[in-house]
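Written out below as structure tokens is the structure these notes cover.
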Amino acid sequence: MVGDSCVREQAQAKPYASHAAPRQVLTLLIALAALGFVLPIVDSTVRDWNPRTFRHGPWGVPGLHKGIDIFAPRGRDVVSAVPGIVVYRGEPGIGGHVVAVRGPRWRILYYAHLEPPKTDAGGAAPLPRFVGRGTRIGAVGTSGKAAGKAPHLHHAVVPLVSLPWRYSHATQG
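Position one of the sequence shown corresponds to residue 1 (the UniProt record's numbering), numbered consecutively onward.
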């Protein structure tokens, strides 16, 4: 199964190494820079993910994987890729601890499998709240469906307004 081989390759490769093709990496970097995005994990590079996880279930489940998994050590800071408004923070299900940021062009940036948030005496800031590009919003973890797997961030960008003619019936996301 394609997903199994992807997981096996990830486990056998040097820690957090990618098999990204140079052309794919360059295209992604240009797109991120043009949109004003920063990579959502502090000190991460384009080598920290496998581009095949866009098209295949990286954890052994076939189908379209609606997002990208960026591998990093547990606890590394996750930052907002764009300036925006944190509209959700919680633990809704398979994503584990998640944060959703409404960014430019009414896009929702979804950050999943985060470490449980550390609470202080004052509690968490109320929502909604503004965050700048590069503002810490969490830490890499293995919450939700990622329990027992390599620590990573599942990151996705989705439109806030649904376009029914572009709807995907894929099972994973």
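Ideal Cβ positions, reconstructed from N, Cα and C, are used throughout, including at glycine.
_Run of the beta strand (DSSP E) containing residue 71, from where it starts to where it stops_ = Taken as a continuous stretch (DSSP letters only), the beta strand (DSSP E) holding residue 71 covers 68-71.
*Can you grab the Cα-Cα spacing for the pair residue 155 / residue 107, in whole Å?*
In a straight line, the C-alpha of residue 155 is about 13 Å away from that of residue 107.
*For residue 129, is the classification buried or exposed, using 16 other Cβ atoms within 10 angstroms of its Cβ as the cut-off for buried?*
Under this definition residue 129 is an exposed residue.
_I'd like to confirm the pairing. Which residues does DSSP put opposite residue 77 in its beta bridges?_
For residue 77, the beta-bridge partners assigned by DSSP are 139.
*Which of the three DSSP states, helix, strand or coil, is assigned to residue 147?*
Secondary structure at residue 147: coil, using DSSP grouped into helix, strand and coil.
*Helix, strand or coil at residue 105 [DSSP, three-state]*: Of the three classes helix, strand and coil, the one that applies to residue 105 here is helix, per DSSP.
_Proximity below 8 Å, CB of residue 113 to CB of residue 90_ = Taking 8 Å as the cut-off, the beta carbon of residue 113 is found no closer than this to the beta carbon of residue 90.
*List the residues that DSSP assigns as beta-bridge partners of residue 155.*
Partner(s): 68 and 111.
*Since residue 157 and residue 109 are thought to touch, with beta carbons under 8 Å apart, how far apart are those beta carbons, to the nearest angstrom?*
In this structure residue 157 touches residue 109 by the C-beta definition: roughly 5 Å separates them, less than 8 Å.
_Considering only the alpha carbon of each residue, which of 70, 72 and 86 lies closest to residue 135?_
Measuring from the Cα of residue 135, the nearest candidate turns out to be 86.
*Give the C-beta separation of residue 74 and residue 151 to the nearest angstrom, bearing in mind that I take them to be a contact with Cβ-Cβ under 8 Å.*
That pair is a contact at about 4 Å.
*asked:* On the CB-based measure, 16 or more other CB atoms within 10 Å of its CB, does residue 140 come out buried or exposed?
replied: Residue 140 is buried by the Cβ-count criterion.
*Distance, Cα to Cα, residue 66 vs residue 81?*
So the alpha carbons of these two residues sit roughly 17 Å apart.
*Nearest to residue 83 by CA position, among 42, 104 and 146, is which residue?*
When each option's Cα is compared against that of residue 83, the closest is 104.
_Bridge partner(s) assigned by DSSP for residue 41_ = Paired residue(s): 78.
_How far does the beta strand (DSSP E) with residue 175 in it extend, from its first residue to its last?_
Lying before the first or after the last residue shown, residue 175 is absent from the chain, which here runs from 1 to 173.
*How would you call residue 138, buried or exposed, if buried means at least 16 neighbouring beta carbons within 10 angstroms?*
Per the 10 Å Cβ criterion, buried.
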